[in-house]
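Residue numbers 38 to 229, in the working numbering, belong to the letters of the sequence shown in order. We put the beta carbon where it would ideally sit given N, CA and C, even for glycine. Written below as structure tokens is the structure these notes are about.
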Amino acid sequence: MTKLKTRKLRSSSPRRRGSSSQESLDSRIRGNDSPEGQSCAKTQGRTKTVTVWHGKIPIESWYTPGVAGEKTLMALKNQGSFLATVCGDCNVTYFPARMFCERCFADILNNEKIVGPDGTLESWSVVTVDKDGKKLKKPQTFGLIKLDGTNTVFLHKLKSQALIGARVEPVLKDPAKRKGSVNDILHFKAAV
Ligand SMILES: [Zn+2]
Numbered sequence: 038m039t040k041l042k043t044r045k046l047r048s049s050s051p052r053r054r055g056s057s058s059q060e061s062l063d064s065r066i067r068g069n070d071s072p073e074g075q076s077c078a079k080t081q082g083r084t085k086t087v088t089v090w091h092g093k094i095p096i097e098s099w100y101t102p103g104v105a106g107e108k109t110l111m112a113l114k115n116q117g118s119f120l121a122t123v124c125g126d127c128n129v130t131y132f133p134a135r136m137f138c139e140r141c142f143a144d145i146l147n148n149e150k151i152v153g154p155d156g157t158l159e160s161w162s163v164v165t166v167d168k169d170g171k172k173l174k175k176p177q178t179f180g181l182i183k184l185d186g187t188n189t190v191f192l193h194k195l196k197s198q199a200l201i202g203a204r205v206e207p208v209l210k211d212p213a214k215r216k217g218s219v220n221d222i223l224h225f226k227a228a229v
């Protein structure tokens with residue numbers, strides 16, 4: 038629940054020469070660590086009235102895959118394959134596919150290459166809360182995986198913890214259940 042409050046702030050040091058009231062107030066508020074914008078007044082030498090808005094702003098984001106990302110997702114859905122794009126000038130293969138090389142900005146949309154499906158685990162972490170900070174019923178392990186034939190890493194679930202450098206392989210949904218989503222990959226597991 039949000040509530041609006043107006044407070045008088047008193048502080049002890051003199052006003053800086055040459056700064057306007059608003060500039061001074063703004064700089065004090067910017068320098069303040071308190072979410073309520075009050076402690077800043079202790080270092081200044083005058084009284085000011087500020088308006089403080091208490092509350093929380095829930096923010097959610099939707100990230101669209103874009104033209105290149107959609108190519109990767111459709112290849113995953115329709116062929117169960119891992120489609121990357123390649124910059125020949127930089128000798129870099131990107132998975133998921135990129136429209137432009139992130140090094141030289143060349144258009145690489147049509148320089149496609151099928152990579153993986155196995156890869157190497159570059160790093161991993163155990164997650165205990167969801168995106169809203171709520172505790173998960175069961176911790177989930179995520180890994181950064183460099184698919185064979187690529188130079189970039191890809192974040193996805195790991196079925197079990199594994200050592201960095203371990204060989205991993207994807208487990209895909211049944212073809213009939215795929216939707217063109219990154220979740221068409223159920224998880225990665227230790228390669229056999
Ligand atoms: Zn490049």
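Below 8 Å on the Cβ atoms is my contact criterion, and I expect residue 202 with residue 182 to pass it. Report the Cβ-Cβ distance as a whole number of Å. In the sequence shown, residue 202 corresponds to position 165, counting from 1. In the sequence shown, residue 182 corresponds to position 145, counting from 1. Contact flag wrong, Cβ pair sits at about 12 Å.
By alpha-carbon positions, which one of 189, 170, 220 ends up nearest to residue 96? In the sequence shown, counting from the first residue as 1, residue 96 sits at position 59. Selected option, being the one with the closest Cα: 170.
Cβ distance (whole Å) where residue 184 is taken to contact residue 217 below 8 Å: Locating residue 184 in the sequence shown gives position 147, counting from the first residue. Locating residue 217 in the sequence shown gives position 180, counting from the first residue. Not a contact, Cβ separation roughly 19 Å.
If you check the beta carbons only, do residue 92 and residue 134 fall under 8 Å apart? What you label residue 92 is simply residue 55 of the sequence shown in a count that begins at 1. What you label residue 134 is simply residue 97 of the sequence shown in a count that begins at 1. The answer is no: Cβ separation not under 8 Å.
Locate the beta strand (DSSP E) running through residue 129, then write down its first and last residues. Your numbering for residue 129 matches position 92 in the sequence shown. Going by DSSP, residue 129 is part of the beta strand (DSSP E) stretching over 129-131.
At a cut-off of 7 Å, would you count residue 169 as near ligand 1, judging by its Cβ distance to the nearest heavy atom? Here residue 169 refers to the residue found at position 132 when the sequence shown is read from its first residue. Checking every heavy atom of ligand 1 against the Cβ of residue 169, none is found closer than 7 Å.
Where DSSP assigns a beta bridge to residue 13, which residues make up the other side? The requested residue 13 does not occur in the structure, where the chain is confined to residues 38 to 229.
Identify, in the order they occur along the chain, each residue of the same chain with its Cβ nearer than 6 Å to the Cβ of residue 124, setting aside the five sequence neighbours on each side. Against the sequence shown, residue 124 aligns to sequence position 87. Apart from the 5 residues on each side of it in sequence, residue 124 sits with its Cβ closer than 6 Å to the Cβ of 138, 143, 145 in its chain, given in chain order.
What would DSSP say about residue 221, mapped onto helix, strand or coil? Taking the first residue of the sequence shown as 1, we reach residue 221 at position 184. Reduced to three states, the DSSP call for residue 221 is helix.
Check whether residue 130 and residue 188 have beta carbons under 8 Å apart: Residue mapping note: residue 130 aligns to position 93 of the sequence shown, counting from 1. Residue mapping note: residue 188 aligns to position 151 of the sequence shown, counting from 1. The answer is yes: Cβ separation under 8 Å.
What do you get for residue 222, buried or exposed, if any count of 16 or more other CB atoms within 10 angstroms of its CB means buried? Locating residue 222 in the sequence shown gives position 185, where the first residue counts as 1. Buried: at least 16 other Cβ atoms inside 10 Å.
How long is the line joining the alpha carbons of residue 141 and residue 99, rounded to whole angstroms? If you number the sequence shown from 1, residue 141 lands on position 104. If you number the sequence shown from 1, residue 99 lands on position 62. Distance from the CA atom of residue 141 to the CA atom of residue 99, rounded to whole angstroms, is 27 Å.
Can you tell me the Cβ-Cβ gap for residue 166 and residue 174, rounded? I've got them flagged as a contact below 8 Å. Within the sequence shown, numbered from 1, the residue matching residue 166 stands at position 129. Within the sequence shown, numbered from 1, the residue matching residue 174 stands at position 137. Not a contact, Cβ separation roughly 11 Å.
Between which residues of its own chain and residue 239 is the CB-CB distance below 7 Å, once the five residues before and five after are set aside? The first residue shown for the chain is 38 and the last is 229, placing residue 239 beyond what the model contains.
Delimiting residues of the beta strand (DSSP E) encompassing residue 205: For the purposes of this step, residue 205 is taken as residue 168 along the sequence shown, with counting starting at 1. In the DSSP assignment, residue 205 falls within the unbroken beta strand (DSSP E) covering 204-209.
Only counting the same chain, and skipping five residues up and downstream in sequence, which positions put a Cβ closer than 6 Å to that of residue 198? On the sequence shown, position 161 is the one that residue 198 refers to. Around residue 198, the same chain offers 178 as residues with beta carbons nearer than 6 Å, after the five sequence neighbours per side are excluded.
For residue 227, three-class secondary structure by DSSP: If you number the sequence shown from 1, residue 227 lands on position 190. Correct three-state label for residue 227: strand.
Is residue 123 near ligand 1 - that is, is its Cβ less than 7 Å away from at least one heavy atom of it? By one-based count along the sequence shown, residue 123 stands at place 86. No.
Cβ-Cβ distance between residue 112 and residue 150 below 8 Å: Within the sequence shown, the letter at position 75 stands for residue 112. Within the sequence shown, the letter at position 113 stands for residue 150. No, these two residues do not count as a Cβ contact at 8 Å.
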